[in-house]
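Residue numbers (the working numbering), protein chains in the order written: chain G, 1 to 157; chain B, 158 to 804. Reading through the structure tokens given below for one structure.
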């Protein structure tokens, strides 16, 4: 083999080894760490996996946020205007968490039908709603962007 | 009135960029000196005109001219002066104008500092940069015009997003854009060289300083973003593997591969094909990043509402710039000959390992970022790929990279031997000793991964420091030793030490951070990570454009008083959006961090308390990296070469 060929072969072997290893790691990591999104309607219909972590998104039902005095645990209801799912969360809620606001909760469904969130995400921009929540609401027959399209479509960098 | 002048200037710049991108290129093709001579004044004219447009927008912000739609949407009379200027790039349209201004600035810089370049080459580079300017100017004017009037004018503006009202965010976008856009110069040099068919090591030497400058700005930009997220979002995280972060990190990884590959092409006249491809791909990833952030295809904390038209524009531009590059590459590649031969154990091979690992790392980040988007388009389902995926794929690639770094620095070009191991015997012993000491003394919750990372960080540190130390020993004095080391090698040493510092910061912060969310009654305290947080008082305070609830927290460690912290919850008056302002006691060895939650009744509040050891090292290391880049660029060899050519 000429030195140039050998060098080329080395290129190819190294690249293949690198790509192969990364594909292996990536597929392993993907399998364990993908999280699917479900709307309250889908959860109620039993489409969400039992026992697995997933993301639940919807609007925080007005008047549903409660917490015992002196406790860090907050309970609220997420809705897509069709179905309602009770959620429990222990920790600091994000700044933009508010009743009527679209949020996404990461967590698992408990046996008693309460979704136990370990992470709650609200968006940076007050006027902004997660595209997933918007679609979930649309699917439930309520288009949040219809009200004031300007409000939801403001661009931020 | 002034805003129309600005708008008109930008339209003129657009017209000029059409001229600048075509006629000089034709001139270069026909070897017509008069047509080629058009390139330099046209590029300078573009810069002046875009600068006028930018100044007009800045003036509108300073004047609170709410008859300009963009100003009305992103400013307010109560907004402090500095933030009124920063608000220029606080949203899509204005930041795009800043982008174009920086692009024109890069082209201007090339026209000034490339006096020694052959006229044809220089003309091609400038014309190609004008193509990029043309693309972005048309995007700006046709889809995202910041000069649009609002009639009737608003009485008061909607204010800048409170999250952006922060000193780091004032300089973060310009730095990031300097990096993103700077890679267009590397792309232009590569494509110009392909056009001319002169892909030699001289080309690499011209391209190198530009690429390094872009890289160092991108380094600073990403680091500032990370630091900002750390203290401003109130979560205490410094990297979230958020798609928008990834959008800036992918070109950084590819750019890092590029600056190393350029070194091989310049010094050894080999890796030419690879280097050209890297230059094309680095700029493509910059454009891809722009597309991801601006089009709204992303599901992320940063996700901005969708505008398919804008996304389509950027996608089209990306397709054009990439395919032109790749088409020319396919046409020219068969004629590119890499003359340098090298052994399997040589600096070339080790830099090849570096390149492969960095490119593969960029690909895994790309996969994780695009996978959810692809699945969504295919209607398979809505998924998100979280930090665990990125940690599981990215970290295993970085460890061998750090191992290779140590060998790479000490190895010889072309051919090395078993002696490489002998040369590094002392260094590896020192690294092992320091790593062991650090693992035992500093790291508390150790694991195999953390311990290995710490050893490798010291390996990188010691092998980098070995260069100047050897010079000092052979010259007999510190001054003479330091002086005998060329500036670009100083740059390498400093940048590699920076990486080691960042790696140590990441390892220790990940292993030993303590965090707890707790409810504290006024007067009581909670203990986290050995620090006692005593909740002393809570009060209302008023800022210039916000009202805040501020808690006073006394932090003690054992019996010793450490600091007073004042975490706040701010409500910005105009957008009525709440914002958490964390209380942080920053230190070289650890940060003590507390953010205020909400009142839970009974005179109690919820708090998030964190102790983060060595977290500052993460950003400290990036400062070293940037300084390293700066030193490398300042090396007189680039200028010396320039003079020799001119003479």
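Every residue gets a Cβ at the ideal spot worked out from N, C-alpha and C, and that includes glycine. The structure presented is a predicted model; accordingly, all values stated were derived computationally and were not measured.
Here residue 540(B) carries a strand assignment [DSSP, helix/strand/coil]. DSSP links residue 728(B) through a beta bridge to 704(B), 735(B). Within chain B, no C-beta atom comes nearer than 8 angstroms to that of residue 85(G); the closest sits roughly 17 angstroms away. Separation of the CB atoms of residue 206(B) and residue 264(B) is rounded to 12 angstroms, and the pair is thereby denied contact status at 8 angstroms. Residue-level contact by beta carbon holds for residue 546(B) and chain G, with a gap shorter than 8 angstroms. Inclusion of residue 727(B) and residue 705(B) in the CB contact set at 8 angstroms is warranted, their separation being smaller than that value.
Scanning its chain for C-beta atoms nearer than 6 angstroms, with the 5 sequence neighbours on each side dropped, one finds around residue 440(B) the residues 340, 341, 344, in chain order.
Counting along the chain, residue 388(B) sits inside the alpha helix (DSSP H) bounded by residues 358 to 389. Using a Cβ distance threshold of 8 angstroms, residue 666(B) and residue 556(B) do not count as a contacting pair. Taking residue 600(B) as the centre and dropping the five residues before and after it, the same chain places the C-beta of 607, 608, 611, 664, 665, 668, 669 closer than 8 angstroms to its C-beta, in chain order. Considering only beta carbons, the part of the region 716 to 737 of chain B lying closer than 8 angstroms to chain G consists of 726, 732, 733, 734, 735, 736, 737, in chain order. Close to chain G, meaning a Cβ-Cβ distance shorter than 8 angstroms, are the following residues of the region 753 to 775 of chain B: 754, 755, 757, 758, 759, 761, 763, 764, 765.
Pairwise C-beta distances place the region 735 to 745 of chain B in contact with the region 381 to 398 of chain B, as three or more of them are shorter than 8 angstroms.
For residue 769(B), the beta-bridge partners assigned by DSSP are 748(B). Look at residue 501(B) here: in three-state DSSP terms it is coil, with no helix or strand label.
In the structure shown, residue 721(B) adopts extended strand secondary structure according to DSSP, grouped into three states. Against chain B, the beta carbon of residue 49(G) has no neighbour under 8 angstroms; the closest one sits roughly 11 angstroms away.
Of all residues in the region 60 to 93 of chain G, those with a C-beta nearer than 9 angstroms to a C-beta of chain B are 67, 68, 69, 70, 71, 72, 74, 90, 91, 92, 93, reading in chain order. Out of 313(B), 765(B), 375(B), 229(B), the CA that lies nearest to the CA of residue 686(B) is found in 765(B). Interface criterion not met: the Cβ of residue 656(B) is under 8 angstroms from no Cβ in chain G. Contact check for residue 57(G) against residue 133(G) passes: the beta carbons are separated by less than 8 angstroms.
Per DSSP, residue 234(B) lies in no beta strand (DSSP E) segment and is marked neither H nor E. Excluding five sequence positions before and after residue 86(G), the CB atoms of its chain that fall closer than 6 angstroms to its own CB belong to 77, 114, given in chain order. The CB of residue 109(G) never comes closer than 8 angstroms to any CB in chain B; the least such distance is about 17 angstroms. Take the alpha-carbon of residue 190(B) and the one of residue 196(B): they are about 10 angstroms apart. Residues of chain B whose Cβ lies closer than 7 angstroms to the Cβ of residue 18(G) are, in chain order, 513, 514, 517.
In this model, residue 298(B) and residue 661(B) are separated by some 46 angstroms (Cα to Cα). Under the three-state reduction of DSSP, residue 62(G) is assigned to coil, being neither helix nor strand. By the neighbour-count criterion, in which 16 or more other beta carbons inside 10 Å mark a residue as buried, residue 678(B) falls on the exposed side. For the pair residue 647(B) and residue 415(B), the Cα-to-Cα distance works out to about 19 angstroms. At least one CB of chain G lies nearer than 8 angstroms to the CB of residue 541(B). In the three-state reduction of the DSSP assignment, residue 111(G) falls in the coil class. Of the other Cβ atoms in all chains shown, 16 or more fall within 10 Å of the Cβ of residue 365(B); this residue is therefore buried. Residue 304(B) and residue 734(B) have their alpha carbons spaced roughly 27 angstroms apart. By the neighbour-count criterion, in which 16 or more other beta carbons inside 10 Å mark a residue as buried, residue 429(B) falls on the buried side. Using a Cβ-Cβ cut-off of 8 angstroms, residue 28(G) is close to 549 of chain B, given in chain order.
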